[in-house]
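S.K.: This is the structure I have questions about; it appears just below.
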Amino acid sequence: MTGKRTEILVIGHRGMLGQDLMARLGARAAGADREECDVTRRDAVEALLDELKPAMIINCAAYTAVDQAESEPELARSLNADAVENLGLAARARRIHLITISTDYVFSGEGEAPWPEDAPASAFAPRSVYGQTKLEGEQRLRRIGGEFCVVRTQWLYGAGGRNFVDTMAALSAEKPVLRVVNDQLGAPTWTRDLADALTLLAERRATGFFHVANSGFASWYDVTRHIVQRLGRACRVEPCTSEEFPRPARRPHNSRLAQGKFAALAGSAPRPWPAALDAYLSERHGRNTDGNPTFS
């Protein structure tokens, strides 16, 4: 964080998404994490905004330990709901445009149709503490009003943090067989592509609810098979059900996100997930795979 006035303040700039967003924004942005500002405290948020006077905030901070949230609901709520409320109130009072990140976990996860940005109230039935607290953050921000944008995304991976793609890349080099769930459908999304999309939304001062993910849908099993094939691993990938791989937090089976609003604003949705994943594997794991240019 710097003391000079900045155009865009990135909250959670040391996280996986925050790092790519800071790289994308360059000198236009300043960053703040827990060390610089405890966003769960309203007075700390107000003091930070009064110091930096940003024109815009992009909030990437969140409690994302999905399973751990089941035993730490208050901590998850403080970061996923209280902090969003604090930022929303402070931003509205100062006429600052706010973008915050949400998740596919706010939906029930039932059915097969992609979830639209303006889904009816009945669609919002999160099955985990993580999803419940993220939805609460959305609801509080909606009540506060002001110039805000909620971006729901999913299945993030990137060089700046632990993620499914790197885990499967490592395990496939060590194990002869991997069993991966095949009944959860969504889209793996590279944080670099999401950072590009967030930059566009910021430049357009977009408001309302948007879905942004790499295009197309796949299961975790599909994604793992793609990783193994692209990296030339001898590992065999076998499908299994969520019931065969129980976790403390229930995962949604249908995490498909419709991206009509973002595609209309940008002219197209972000590139397909296989192209993005190929580019990431080439850069991160040294495999010569071909990917299309990133979304811009």
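According to my numbering, the sequence shown is numbered sequentially starting from 5.
We put the CB at the ideal spot given by N, CA and C, even for glycine.
1. Report the option in E39, W277 and E207 whose CA atom is closest to the CA atom of I231.
2. Near L139, which residues of its chain fall below 7 Å by C-beta distance, leaving aside the five closest residues on each side in sequence?
3. Among T104, E114 and C244, which has the Cα closest to the Cα of A206?
4. Does the beta-carbon of P256 have 16 or more other beta-carbons within 10 angstroms, so that it is buried, or is it exposed?
5. Which class does P118 belong to by DSSP, given the choice of helix, strand or coil?
6. Take Y73 as the anchor and find which of R251, A267 and L281 has the nearest alpha-carbon.
7. Just verifying my parser: in three-state terms, what is the DSSP assignment at T10?
8. Any heavy atom of the ligand MN inside 7 Å of the beta-carbon of V184?
9. Report the three-state DSSP secondary structure of P276 (helix, strand or coil).
10. Since I believe D187 is in contact with S259 (beta carbons under 8 Å), could you give me their beta-carbon distance rounded to a whole number of angstroms?
11. Would you mind stating whether A85 and G141 have Cβ atoms separated by less than 8 Å?
12. Mind checking G162: buried by the 16 CB within 10 Å criterion, or exposed?
13. Output the boundary residues of the beta strand (DSSP E) element that contains A36.
14. Go through its chain and collect everything with a Cβ distance to R209's Cβ below 6 Å, but skip five positions before and after it.
15. Roughly how many whole angstroms lie between the Cα atoms of V154 and I62?
16. What residues match up with R156 in a beta bridge as DSSP calls it?
17. Relative to the C-alpha of A279, which candidate in G271, W194, E242 and V70 has its C-alpha closest?
18. List the endpoints of the continuous beta strand (DSSP E) containing I62.
19. Which two residues bound the contiguous beta strand (DSSP E) that contains R240?
20. Who are the Cβ neighbours of E55 in its own chain at under 6 Å, not counting the five residues just before and after it?
21. Counting Cβ pairs closer than 8 Å, one from the segment 34-45 and one from the segment 81-95, do we hit at least three?
22. Take R18 and list the residues in its own chain whose beta-carbon comes closer than 6 Å to its own, dropping the five residues that flank it on each side.
M.R.: By the coordinates alone:
1. By 1-based counting over the sequence shown, the position of residue 231 is 227. Nearest option by C-alpha distance: W277.
2. One-based indexing of the sequence shown puts residue 139 at position 135. So the list reads V110, F128 and P130, once near-sequence residues are dropped.
3. Taking the sequence shown and counting its residues from 1, one reaches residue 206 at position 202. The shortest C-alpha separation from A206 is found at T104.
4. Mapped onto the sequence shown, residue 256 falls at position 252. In this structure P256 is buried. Its beta-carbon is surrounded by 16 or more other beta-carbon atoms within 10 angstroms.
5. Here residue 118 refers to the residue found at position 114 when the sequence shown is read from its first residue. DSSP places P118 outside both helix and strand once states are collapsed to three, so it counts as coil.
6. Start at 1 with the first residue of the sequence shown, and residue 73 comes out as number 69. Inspection of the sequence shows that residue 73 is occupied by Ala rather than by Tyr. Ranking the options by Cα distance to A73, first place goes to R251.
7. As a position in the sequence shown, residue 10 is number 6, starting the count at 1. Coil.
8. Judged by which ligands are present, the structure shown has none, so any question about the ligand MN falls away.
9. Counted from its first residue, the sequence shown places residue 276 at position 272. Here P276 sits in strand by DSSP.
10. Stepping through the sequence shown from its first residue, residue 259 is reached at position 255. Stepping through the sequence shown from its first residue, residue 187 is reached at position 183. Rounded, the Cβ-Cβ distance is 11 Å, inconsistent with contact.
11. Here residue 85 corresponds to residue number 81 of the sequence shown, with the count starting at 1. Here residue 141 corresponds to residue number 137 of the sequence shown, with the count starting at 1. Yes; because the gap between Cβ atoms is below 8 Å, this pair is in contact.
12. Within the sequence shown, numbered from 1, the residue matching residue 162 stands at position 158. Buried: at least 16 other Cβ atoms inside 10 Å.
13. Locating residue 36 in the sequence shown gives position 32, where the first residue counts as 1. Note, A36: beta strand (DSSP E), A33 to A36.
14. Within the sequence shown, numbered from 1, the residue matching residue 209 stands at position 205. H101.
15. One-based indexing of the sequence shown puts residue 154 at position 150. One-based indexing of the sequence shown puts residue 62 at position 58. V154 and I62 have their C-alpha atoms roughly 10 Å apart.
16. As a working note, residue 156 is residue 152 in the sequence shown. Answer is S106 and H215, bridged to R156.
17. Counting from 1 along the sequence shown, the entry for residue 279 is found at position 275. The shortest Cα separation from A279 among G271, W194, E242 and V70 belongs to W194.
18. On the sequence shown, residue 62 is found 58 positions in, with the first residue counted as 1. Looking at the DSSP string, the run of the beta strand (DSSP E) that includes I62 is M60 to N63.
19. In the sequence shown, counting from the first residue as 1, residue 240 sits at position 236. Secondary structure note for R240: its beta strand (DSSP E) is the uninterrupted segment R240 to C244.
20. As a working mapping, residue 55 is identified with position 51 in the sequence shown. Closer than 6 Å at the Cβ level, and outside the excluded window around E55, lies no residue.
21. Between the segment 34-45 and the segment 81-95 there are three or more C-beta pairs closer than 8 Å, enough to call the two in contact.
22. The sequence position of residue 18 within the sequence shown is 14, counting from 1. Closer than 6 Å at the Cβ level, and outside the excluded window around R18, lie D37.
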